[in-house]
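Per the UniProt record's numbering, residue 1 is the first one in the sequence shown, and the count goes up by one each step.
Yeah, the Cβ is synthetic: ideal placement off N, Cα and C, and Gly gets one too.
Nothing here was measured: the structure is a model prediction, and the numbers come from that model.
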Amino acid sequence: MKILALDSSGNVASVAIIEDDQLLIELTMNYKKTHSQTLLPMIDSICKMVNLDLESLDYIAAASGPGSFTGLRIGVATAKGLAYALNKPIIGVPTLDGLAYNITYTDYLICPIMDARRNQVYTAFYLWEKGLLKRQSDYLAIEIDECVKRAKEYNKPLVFLGDGVPVYKDKIKEAIGDGEYYFAPQSCNMQKASSIGSLGMILAKEGKAQDSMEFVPFYLRKSQAEREYEEKARGNL
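(1) Can you have a look at residue 16 and say buried or exposed, based on whether 16 or more other CB atoms are within 10 angstroms of its CB?
(2) With DSSP collapsed to three states, give me the class of residue 215.
(3) So residue 175 and residue 159 are in contact, right, with Cβ under 8 Å, and what is the actual spacing, rounded?
(4) So what's residue 186 in DSSP terms, helix, strand or just coil?
(5) So what's residue 84 in DSSP terms, helix, strand or just coil?
(6) Just the Cα atoms here: how many angstroms apart are residue 173 and residue 107?
(7) So what does DSSP say about residue 99, is it helix, strand or coil?
(8) Quick check: the Cα distance between residue 204 and residue 90, rounded to an integer number of angstroms?
(9) Does DSSP put residue 130 in a helix, in a strand, or in coil?
(10) Would you kindly work out how many angstroms separate the C-alpha atoms of residue 3 and residue 201, rounded to a whole number?
(11) Taking C-beta to C-beta, are residue 61 and residue 95 nearer than 8 Å?
(12) My output table needs one value for residue 57: the three-state DSSP class, helix, strand or coil.
(13) Go through its chain and collect everything with a Cβ distance to residue 38's Cβ below 6 Å, but skip five positions before and after it.
(14) What is the DSSP secondary structure of residue 125, counted as helix, strand or coil?
(15) Output the distance between the C-alpha atoms of residue 156 and residue 186, rounded to the nearest integer angstrom.
(16) Kindly indicate which three-state DSSP category residue 1 falls into: helix, strand or coil?
(17) Can you name, in chain order, every residue of its own chain whose Cβ lies under 8 Å from the Cβ of residue 125, other than the five neighbours on each side?
(18) Can you tell me the Cβ-Cβ gap for residue 10 and residue 71, rounded? I've got them flagged as a contact below 8 Å.
(19) Does DSSP put residue 229 in a helix, a strand or coil?
(20) Where DSSP assigns a beta bridge to residue 93, which residues make up the other side?
(21) Taking just the CA atoms, how far does residue 211 sit from residue 84?
(22) So what does DSSP say about residue 68, is it helix, strand or coil?
(23) Near residue 119, what residues of its chain come up, given a Cβ to Cβ distance below 7 Å and the 5 sequence neighbours on each side ignored?
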């Protein structure tokens, strides 16, 4: 089974090719360029490096959200366009699942946090159980203080990762105090297409692939433009 995986749901753009139990190649960029500038050239580069014919793919796996509205739309549109042109199914992998999968086989409660602005984060909580990553909560869009409060209720050591860490690091330290926790190192702190591809492989075997026309992102909350429009509409009533 061969999968092209991509994630552009946050600041990072990442693409990878996985074949069966091997990661053939991964390219990740966290630089001051938009995903519309980088994603397709990155895919083209990795395909050339491993002499991949896109027709040989079995699936395309893509981060499905939550995350940056613009980044998600670019990633989803890219995945849908490739899948439609190649007549390949898509596997949508929740972004937070992919982030949590960066931290393997630990007894800690894994807390991926993505900066959702306005003092909020996108998050969910995960534990490894018998070699499988298990989500313990709903996908959430909540204030960082509430996130830490809920995490502490599991009475487990905590590991935080994601682009919300540098934004809310001091608040997390203050809220946890003397509790046991750590922040993931840079090598596994951000989105990785290899994690999306690995989870995509599992979901494909479970029969959870979709037609390109069916695949849509999920955002957890409305965009800023939608919120401002609703606020303006209410003000005009």
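On the basis of the supplied data:
(1) Numbered from 1 along the sequence shown, position 16 holds the residue referred to as residue 16. Buried is the call here.
(2) Counted from its first residue, the sequence shown places residue 215 at position 215. Of the three classes helix, strand and coil, the one that applies to residue 215 here is coil, per DSSP.
(3) Here residue 175 is taken as the residue at index 175 of the sequence shown, counted from 1. Here residue 159 is taken as the residue at index 159 of the sequence shown, counted from 1. Their Cβ separation, rounded to whole angstroms, is 15 Å, which puts residue 175 and residue 159 out of contact at 8 Å.
(4) Start at 1 with the first residue of the sequence shown, and residue 186 comes out as number 186. If DSSP states are grouped into helix, strand and coil, residue 186 belongs with the helices.
(5) On the sequence shown, position 84 is the one that residue 84 refers to. Residue 84 falls in the helix class under three-state DSSP.
(6) Within the sequence shown, numbered from 1, the residue matching residue 173 stands at position 173. Within the sequence shown, numbered from 1, the residue matching residue 107 stands at position 107. Spanning the two alpha carbons is a distance of roughly 20 Å.
(7) Within the sequence shown, numbered from 1, the residue matching residue 99 stands at position 99. Here residue 99 sits in helix by DSSP.
(8) Locating residue 204 in the sequence shown gives position 204, counting from the first residue. Locating residue 90 in the sequence shown gives position 90, counting from the first residue. Going by the C-alpha atoms only, they are around 9 Å apart.
(9) Here the question's residue 130 lines up with position 130 in the sequence shown. If DSSP states are grouped into helix, strand and coil, residue 130 belongs with coil.
(10) In the sequence shown, residue 3 corresponds to position 3, counting from 1. In the sequence shown, residue 201 corresponds to position 201, counting from 1. Approximately 7 Å between the Cα atoms of the pair.
(11) The residue given as residue 61 occupies position 61 in the sequence shown. The residue given as residue 95 occupies position 95 in the sequence shown. For residue 61 and residue 95, no; Cβs fall outside 8 Å.
(12) By one-based count along the sequence shown, residue 57 stands at place 57. The answer is coil: DSSP assigns residue 57 none of H, G, I, E or B.
(13) Position 38 of the sequence shown, counted from the first residue, corresponds to residue 38. The residues are 13 and 29.
(14) Position 125 of the sequence shown, counting from 1, holds the residue named residue 125. Three-state result, residue 125: coil.
(15) Residue numbering aside, residue 156 sits at position 156 when the sequence shown is read from its first letter. Residue numbering aside, residue 186 sits at position 186 when the sequence shown is read from its first letter. Distance between the alpha carbons of residue 156 and residue 186: 23 Å.
(16) Stepping through the sequence shown from its first residue, residue 1 is reached at position 1. Residue 1 falls in the coil class under three-state DSSP.
(17) Residue mapping note: residue 125 aligns to position 125 of the sequence shown, counting from 1. So the qualifying residues of the chain are 109, 110, 111, 135, 136, 137, 150, 151 and 154.
(18) Start at 1 with the first residue of the sequence shown, and residue 10 comes out as number 10. Start at 1 with the first residue of the sequence shown, and residue 71 comes out as number 71. Rounded, the Cβ-Cβ distance is 6 Å, consistent with contact.
(19) Residue 229 sits at position 229 when you count from the first residue of the sequence shown. In this prediction, residue 229 scores a pLDDT of 46, lower than 50, which makes its location untrustworthy; the coordinate-derived value is nonetheless stated afterwards. Residue 229: helix per DSSP, three-state reduction.
(20) For this step, residue 93 is matched to residue 93 along the sequence shown. 63, per the DSSP bridge assignment.
(21) Working through the sequence shown from its first residue, we reach residue 84 at position 84. Working through the sequence shown from its first residue, we reach residue 211 at position 211. Distance between the alpha carbons of residue 84 and residue 211: 8 Å.
(22) Mapped onto the sequence shown, residue 68 falls at position 68. Reduced to three states, the DSSP call for residue 68 is coil.
(23) What you label residue 119 is simply residue 119 of the sequence shown in a count that begins at 1. Only 143 and 144 meet the Cβ criterion.
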